[in-house]
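What follows is a single structure, written as structure tokens, with notes after it.
2 protein chains.
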Amino acid sequence: MRLLPAVLVGLLAQDVLGRPSPNPKSSWVRKGGRGKRQLNAALKQSAEVVRRDDGNATASCTETLATPIKAPKANIWGPLTNDEAASVVAWLFAQGDLNLTVSDDAGAWDNTVILVESMTPNKTDALGYIDGCKAPPKRYAHVVLDERASVDPTYADILVGPLPIDNKTTTWEPLTYPYTKNNGGKVRNLDADSDDALYSEWLYVIGASVADITLDLWNLTATGADNDTADIWGIDPLWQDDDKIIRWDAFWNVPEDDFDAETLLPLGLYFMSDVTGRDPSQWQLLGWLYNDIFYNSTEEFRAAYFSPGFVKNGANVQGDWARTDQQGPILPKDDAYPPTTIAPTGSRFSVDADEKYVEWMDWTFYIGFKRDTGMALYDIRYKGQRLIYELGLQEALAHYAGNDPMQSGTSYLDTYYGFGPYAFELVSGYDCPAYATYLNTSFYVTETVHTHINSICLFEFTSDYPIQRHSTGKYVSVTKNTYFVVRSVSTVGNYDYMFSYSFYFDGSIAVEVRASGYIQSAYFANNEDYGFHINDFLSGSMHDHVLNFKADFDILGTNNSVQLMSLVPATKEYAWSRGKPRNTMALERSFVESEDESRFNWAENGATQVIVVNENQTNQFGELRGYRVLPYTGTAHLTVKNSSNLVNAAHWAEYDIQITKQKDTEPRLAHAFNSQDVKDPPIDFSKFFDGESLRSEDLVMWLNLGMHHVPHTGDLPNTVFTTAHSGIQFMPSNYFAMDQSRQTVNMVRIDYDNGTTTLVETYGQKNAEATCALNFEPAEPDLYGYVGDVVIRKFPYDPNNPYYETDSIV
Amino acid sequence: MRLLPAVLVGLLAQDVLGRPSPNPKSSWVRKGGRGKRQLNAALKQSAEVVRRDDGNATASCTETLATPIKAPKANIWGPLTNDEAASVVAWLFAQGDLNLTVSDDAGAWDNTVILVESMTPNKTDALGYIDGCKAPPKRYAHVVLDERASVDPTYADILVGPLPIDNKTTTWEPLTYPYTKNNGGKVRNLDADSDDALYSEWLYVIGASVADITLDLWNLTATGADNDTADIWGIDPLWQDDDKIIRWDAFWNVPEDDFDAETLLPLGLYFMSDVTGRDPSQWQLLGWLYNDIFYNSTEEFRAAYFSPGFVKNGANVQGDWARTDQQGPILPKDDAYPPTTIAPTGSRFSVDADEKYVEWMDWTFYIGFKRDTGMALYDIRYKGQRLIYELGLQEALAHYAGNDPMQSGTSYLDTYYGFGPYAFELVSGYDCPAYATYLNTSFYVTETVHTHINSICLFEFTSDYPIQRHSTGKYVSVTKNTYFVVRSVSTVGNYDYMFSYSFYFDGSIAVEVRASGYIQSAYFANNEDYGFHINDFLSGSMHDHVLNFKADFDILGTNNSVQLMSLVPATKEYAWSRGKPRNTMALERSFVESEDESRFNWAENGATQVIVVNENQTNQFGELRGYRVLPYTGTAHLTVKNSSNLVNAAHWAEYDIQITKQKDTEPRLAHAFNSQDVKDPPIDFSKFFDGESLRSEDLVMWLNLGMHHVPHTGDLPNTVFTTAHSGIQFMPSNYFAMDQSRQTVNMVRIDYDNGTTTLVETYGQKNAEATCALNFEPAEPDLYGYVGDVVIRKFPYDPNNPYYETDSIV
């Protein structure tokens with residue numbers, strides 16, 4: 001099946017498998033199968049890995065980086081050690097009942113280990129340690145097995161432990177308690193054949209069967225040949241109706257250079273196939289779609305195509321509109337260095353890099369990191385008192401809609417791909433200030449642990465506006481707004497999600513996500529009701545991003561309630577209103593009583609405050625001490641009702657705010673494999689709501705951030721962070737006696753009299769004379785040091801020579 | 001009437017009239033009357049005024065400040081020149097029919113000039129000049145007369161011109177066309193006696209009549225004596241029912257030092273009086289209120305007070321909780337200098353300081369400034385094409401509610417006080433970065449023009465996050481988010497409003513307001529339904545801030561429409577869905593057809609995009625080129641329906657978004673004196689809506705920002721900007737062919753291969769070597785240079801010796 005003209009073959013000398021992330025949602029980390037194809041494409045030789053945690057920023061006379069400290073407690077949410085991970089993998093391979101094959105040797109009918117990471121301890125077990133004198137919770141490994149040696153392949157979550165491995169005491173058991181589905185910790189695996197058979201025996205065969213048409217239409221082919229010029233991939237999740245597994249796949253043009261623009265190059269031709277079961281010979285092609293006309297077979301499509309009057313639309317082709325490089329005349333003065341933030345006296349915070357423990361001013365917290373959800377913060381304390389036990393991403397969906405089955409059928413649940421493996425090295429001076437302190441993160445794939453260097457950044461920043469000010473005829477008082485940020489960025493295929501947690505002097509916290517990267521777009525034909533026409537044959541496919549964050553508040557203990565306080569219009573008479581009713585407003589307060597009423601949206605006109613309080617902790621004036629949760633830079637819940645794509649897999653996206661009683665059995669609202677069985681997913685969040693009281697209980701708030709995105713021409717080549725953002729804030733509500741930002745010295749009071757300044761009070765701030773001469777280099781990082789990941793083989797494991805001498809993924 | 005014990009007199013040696021802004025909403029600028037009392041208190045001798053526009057920031061080898069340029073056109077929205085203002089004032093005093101008295105000599109029964117400023121030209125007159133070859137519009141002065149030589153005093157708006165003054169051609173006429181009220185440009189004046197008679201013949205007399213009670217209750221008196229320890233002031237607007245003018249006044253404690261905390265010190269005693277007419281002897285005390293019990297007369301109140309069982313509550317007394325200075329232990333490392341932004345190569349923008357014209361990158365605009373509304377931007381162009389003709393604040397209200405008549409009766413309409421006169425000097429390094437470029441602003445008061453030095457700042461800033469990024473297995477691309485800000489801060493009494501307009505590389509604009517300063521609080525008793533109990537006897541009085549901004553868009557010309565595009569849930573069948581309906585979503589589009597449907601709110605769940613488009617300007621793909629208006633950091637409209645306080649004076653606050661056809665007769669949606677006649681105000685915004693078509697017309701969007709504020713303990717001593725914010729954004733919507741931020745060179749692409757960085761592409765950015773050695777001094781401004789205002793006497797006027805040798809207001 002070689003239909004390419006010789007001239008085209010010459011033009012396609014580039015190995016298409018070598019192109020960057022041709023699949024916008026490659027899943028190489030999650031499993032050894034289809035992912036391996038992408039893995040091979042993306043992996044690169046790592047000649048030598050240099051840890052540069054402490055080498056990328058220096059100041060002339062002070063230490064720029066965070067002060068090293070020792071965490072008060074071990075980070076019980078941290079990763080497995082190298083030895084632990086290696087011993088668990090070795091132990092697993094020693095368990096004959098698991099029938100495991102090493103990934104590199106495994107085929108589609110072998111069982112493999114696709115995840116080994118630390119199991120997050122139960123909160124009830126953790127509190128005794130972090131708040132008391134009890135020993136840390138016993139450590140377990142969370143392992144995911146890809147059990148493909150079966151006609152009914154499954155993914156299996158198991159627990160291995162306790163650790164360290166001891167052949168007498170260590171056992172494995174199905175991990176079942178955190179899931180709402182009662183299936184022994186197993187989920188069906190719809191991807192068992194998607195690496196090899198799906199492409200070699202199905203998609204490329206179909207692509208080849210119409211190669212004459214694709215050449216005629218676009219001068220492109222997708223046949224599986226090295227010189228393929230088009231790509232084929234399709235919907236996620238697959239259709240799962242009537243016990244059938246149905247795919248829709250689409251043809252995509254391949255960019256002519258390394259710019260990752262394939263998701264901007266749909267070609268408008270789709271085919272539907274029934275891929276139920278593991279025998280490709282039983283799979284069925286069910287039809288074709290082109291220009292909104294459905295054809296029941298290839299023959300029917302072919303006959304129509306070669307008939308007179310068949311309407312042929314053009315191909316989307318890469319151009320500068322799809323390249324992110326600088327374009328156009330240089331703007332006035334833009335080649336001069338722009339304003340940049342420096343840390344003139346070095347970092348003003350402390351970090352235990354081993355325990356991922358952070359202290360900034362009166363704030364402390366630990367950082368956890370997992371394959372599915374990436375970074376999370378634990379035991380966030382302010383002035384020694386915990387505010388939040390756990391704060392982190394739970395799941396992110398991108399629900400598309402369109403006139404074609406590809407867009408209509410796409411509802412990515414991104415923890416399937418994982419935020420952890422895609423938390424790449426951050427670019428100093430661009431993603432984070434050059435003076436930031438960085439931490440590494442690690443994730444497991446195919447018997448190795450990969451470490452992304454510098455993939456979490458920590459830094460202080462001073463905003464362009466103060467936190468407080470007041471002027472009078474005699475003085476002016478202004479306080480700088482210096483805040484502390486923890487950030488990671490995960491590029492899940494085409495999209496880059498930037499997660500930032502910020503801490504402020506007034507006791508407030510901001511949780512923000514911004515989205516950039518390439519949109520997934522639609523072919524323009526007949527898509528007017530679903531997007532703007534944004535390029536030649538391109539539609540900006542409408543979609544909702546919804547990203548859920550768990551905020552397990554502990555306000556002065558774990559017994560919390562949620563108070564609602566609304567500003568409402570009111571007509572009232574008063575003792576003094578002389579019998580006349582007055583149109584005014586008043587407050588109405590209530591509590592969220594139980595899980596029967598704990599799923600709701602932000603009120604219209606922002607009229608209702610949502611406050612987590614401790615009903616047993618009033619301040620000296622009788623008010624409930626609490627923290628208010630408020631929208632900051634826009635939020636969104638899912639527009640679609642009862643999504644045909646998601647069914648029961650994402651009920652968590654239906655409301656802005658959802659509150660449940662904290663349970664060890666409900667640690668997370670979604671499972672990475674919810675997409676594999678959308679009708680009966682491992683975790684159906686709606687089952688968390690079973691009417692339990694929410695008054696003075698340990699509560700969890702599940703908060704949706706998000707954006708409704710209808711891409712316009714300004715999303716080309718990339719969506720920009722300026723307007724693609726969402727955020728919430730947590731702020732003290734009668735929690736302290738007064739504003740805590742009064743404690744900083746970074747304020748000034750200027751007194752004046754008779755037109756002359758009589759006093760500049762700076763409260764002990766260091767003045768200019770006490771500051772070192774500045775070296776600008778911190779703001780000019782050497783980006784040639786950008787490295788990528790460190791890979792340590794876990795099986796077989798040689799602790800004295802652990803580096804895996806093959807691959808490194810940036 | 002000297003009831004103070006001798007010991008107290010000694011403690012009160014400080015002149016209470018010397019305290020800073022005792023009245024939170026002093027109106028000294030607006031008129032010569034009551035304001036004079038505050039004026040005298042606030043004014044300070046200005047021994048020597050040094051202009052330091054160009055002296056407060058230096059860099060070691062580059063010019064820090066903006067490059068001086070010449071504006072392409074004159075700023076037709078700029079102020080009168082000194083000569084123009086002086087000549088207008090002199091001309092006015094020469095007009096016998098106006099019967100004017102110089103302010104310093106004027107009493108309550110004299111006519112005075114309270115405003116002389118430039119009249120904003122009609123847009124229809126302006127366009128011929130700024131877009132064509134026509135001469136600039138004829139210049140006129142807008143003058144406000146305080147006509148108090150009458151039993152029916154009025155404020156009169158008049159126009160004087162054309163300018164320059166020529167005794168043959170210059171005339172005055174009532175200014176009527178911009179107002180909806182047909183009253184010859186006149187508004188009744190409810191304040192004619194509020195400087196002298198109100199206090200000396202009424203409020204202090206009443207205060208003295210109960211001095212024995214106030215001493216017993218609080219050990220305080222308010223009698224008008226120099227050693228008064230309490231203050232009296234009341235509601236705004238006054239009650240205006242049944243042809244009566246009714247006041248409610250309250251007693252307030254006076255802070256013991258200069259901290260401006262009086263609005264935190266209510267005492268809980270209120271009295272009601274009928275002050276209809278200009279004869280204080282006819283005014284009537286109508287009753288007293290204490291602890292929610294109304295007394296019909298002083299006698300009744302006195303009898304009750306001295307009866308057994310009378311419940312006496314305590315006084316709110318200043319303490320550290322009300323002081324903004326640093327308090328508490330110094331935080332870890334906080335005395336080290338925090339991160340700060342520097343401009344290593346100086347400013348990268350250009351300014352014509354005389355014409356207040358600004359160029360940054362591809363953005364240009366002019367700045368106007370008026371007494372009522374402060375700063376506004378005109379003729380905002382991007383890449384040479386105007387986006388917005390006028391963008392600026394229109395009015396700000398703060399509507400309180402409470403169980404007591406003081407809070408319930410307070411609904412400040414802040415342009416009555418004016419944002420211009422209170423736009424004080426900004427604090428370098430705190431309100432704006434130390435490297436900012438500053439402009440001055442001026443305003444008229446009592447035959448002088450005051451100039452606030454450095455009261456507008458202009459600066460570039462680079463945010464802590466990029467504007468664009470994308471990672472792949474082969475490269476990472478990231479672009480810095482450097483933006484440009486124009487800022488002013490107006491402290492209207494107790495509150496500090498920070499207004500920021502920001503411009504971005506992607507063509508977006510952000511409009512933001514943040515609020516800090518002292519809250520106006522309530523006495524705690526019986527106020528539970530209106531606020532939190534936040535200090536000893538203090539309630540955080542609930543209130544709504546609503547601030548309206550006019551955005552007169554001109555998208556590719558003046559013929560614009562507003563398109564609404566909603567994401568809606570949908571159940572649909574498709575050609576490919578095999579007869580099964582699918583639950584998905586789709587877009588619904590419509591236009592705002594006319595002023596009958598042009599007042600609405602942001603849709604629930606952010607579902608509806610609001611886009612200003614030009615229906616005759618489609619892009620090459622057939623989409624309407626436009627700019628989208630979207631909420632950014634929260635907005636609010638007024639909670640109260642049909643406010644008894646405001647009646648017809650603030651219908652503009654009722655919706656989030658309101659759109660009208662642009663008319664020269666509707667330049668502003670409120671009048672500074674709307675509060676003087678709330679039933680029939682000079683400008684009733686609801687009358688703008690008369691059904692006119694809004695398709696392909698010159699449109700104005702009136703956009704409400706705001707915050708619902710229920711102060712909690714964290715608002716003590718000052719509200720903080722972190723959570724008291726509101727903002728909207730304007731972003732291109734299919735306006736360009738692609739994202740415009742691709743034009744900046746402040747991006748990087750890092751290519752990598754085999755774990756090694758192979759290329760760091762910086763697109764011609766200056767590298768570190770090309771940057772000067774840094775002098776940190778720009779970040780360490782000498783705040784002893786904080787000056788205040790320059791005052792130039794306009795009448796009599798000596799251009800060679802213009803400085804007014806008495807007063808200076810910071």
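Protein chains in written order, with the UniProt record's numbering: chain L, 1 to 810; chain F, 1 to 810. A virtual CB, placed ideally from N, CA and C, is assigned to each residue, including glycine. Computed from a predicted structure; not experimentally measured.
Considering only beta carbons, the part of the stretch 742 to 757 of chain F lying closer than 7 Å to chain L consists of 742, 743, 744, 745, 746, 747, 748, 749, 750, 752, 753, 754, 755, 756, 757, in chain order. Chain L places a beta carbon closer than 9 Å to that of residue 721 of chain F, counting this residue as a contact. Around residue 576 of chain L, the beta-carbon contacts reaching into chain F at under 8 Å are 248, 270, 272, 287, 289, 294, 404, 405. Fewer than three pairs of CB atoms, one per stretch, sit closer than 8 Å, so the stretch 344 to 364 of chain F makes no contact with the stretch 391 to 410 of chain F.
Contacts with chain L (Cβ-Cβ distance below 8 Å) from the stretch 684 to 700 of chain F involve no residue at all. At a cut-off of 9 Å between beta carbons, residue 424 of chain L contacts chain F. Those residues of the stretch 639 to 671 of chain F placed with their C-beta closer than 7 Å to a C-beta in chain L are 639, 640, 641, 642, 643, 644, ordered along the chain. Around the beta carbon of residue 388 of chain L, a 10 Å sphere encloses 16 or more other beta carbons of the protein chains shown; the residue is thus reported as buried.
Below the 8 Å Cβ cutoff, chain L contributes 335, 336, 337 as neighbours of residue 766 of chain F, in chain order.
The beta-carbon of residue 302 of chain F is placed no less than 9 Å from the nearest beta-carbon of chain L. Taking every protein chain shown into account, the CB of residue 271 of chain F has 16 or more other CB atoms within 10 angstroms, so this residue is buried.
For residue 480 of chain L, the residues of chain F that pass the 9 Å Cβ criterion are 338, 340, 429, 430, in the order they occur in the chain. Nearest to residue 156 of chain L by alpha-carbon distance, out of L:136, L:796, L:188, is L:188.
Neighbours of residue 415 of chain L in chain F, taken as residues whose beta carbon is under 7 Å from its own, are absent, since the nearest beta carbon is some 18 Å off. For residue 586 of chain F, the residues of chain L that pass the 7 Å Cβ criterion are 401, 529, 530, in the order they occur in the chain. For the stretch 231 to 243 of chain F, the set of positions with a beta-carbon nearer than 9 Å to some beta-carbon of chain L reads 241 in chain order. Taking the CA atoms as reference points, residue 80 of chain F sits about 29 Å from residue 109 of chain F.
By the Cβ-count criterion, residue 265 of chain F is buried, with 16 or more other Cβ atoms from all chains shown falling within 10 Å of its own Cβ.
Neighbours of residue 171 of chain L in chain F, taken as residues whose beta carbon is under 9 Å from its own, are absent, since the nearest beta carbon is some 39 Å off.
For residue 644 of chain F, no beta strand (DSSP E) run applies, since DSSP gives it neither H nor E.
When the five nearest sequence neighbours on each side are left out, the beta carbons in the same chain lying within less than 8 Å of the beta carbon of residue 293 of chain L are those of 304, in order along the chain.
Taking 9 Å as the CB threshold, residue 761 of chain F lines the interface with chain L.
Two segments are said to touch when three or more pairs of C-beta atoms, one from each, lie closer than 8 Å; by this definition the stretch 577 to 584 of chain L touches the stretch 637 to 647 of chain F. The beta carbons of residue 500 of chain F and residue 465 of chain L sit closer together than 9 Å. The continuous beta strand (DSSP E) containing residue 753 of chain L extends over residues 747 to 753. Within 8 Å of the CB of residue 714 of chain F, the CB atoms of chain L belong to 506, 507, 731, 732, 733, 734, 735, 736, 738, 739, 740, in sequence order along the chain. Buried is the label assigned to residue 551 of chain F, since at least 16 other Cβ atoms lie within 10 Å of its Cβ. Residue 370 of chain F is a Cβ neighbour of residue 420 of chain F, given a cutoff of 9 Å. Contact annotation for residue 328 of chain F against chain L: 740, 742, 743 [CB-CB distance below 9 Å, chain order]. For residue 109 of chain L, the closest Cβ of chain F is not nearer than 9 Å. The continuous beta strand (DSSP E) containing residue 287 of chain L extends over residues 284 to 290. Secondary structure at residue 313 of chain L: coil, using DSSP grouped into helix, strand and coil.
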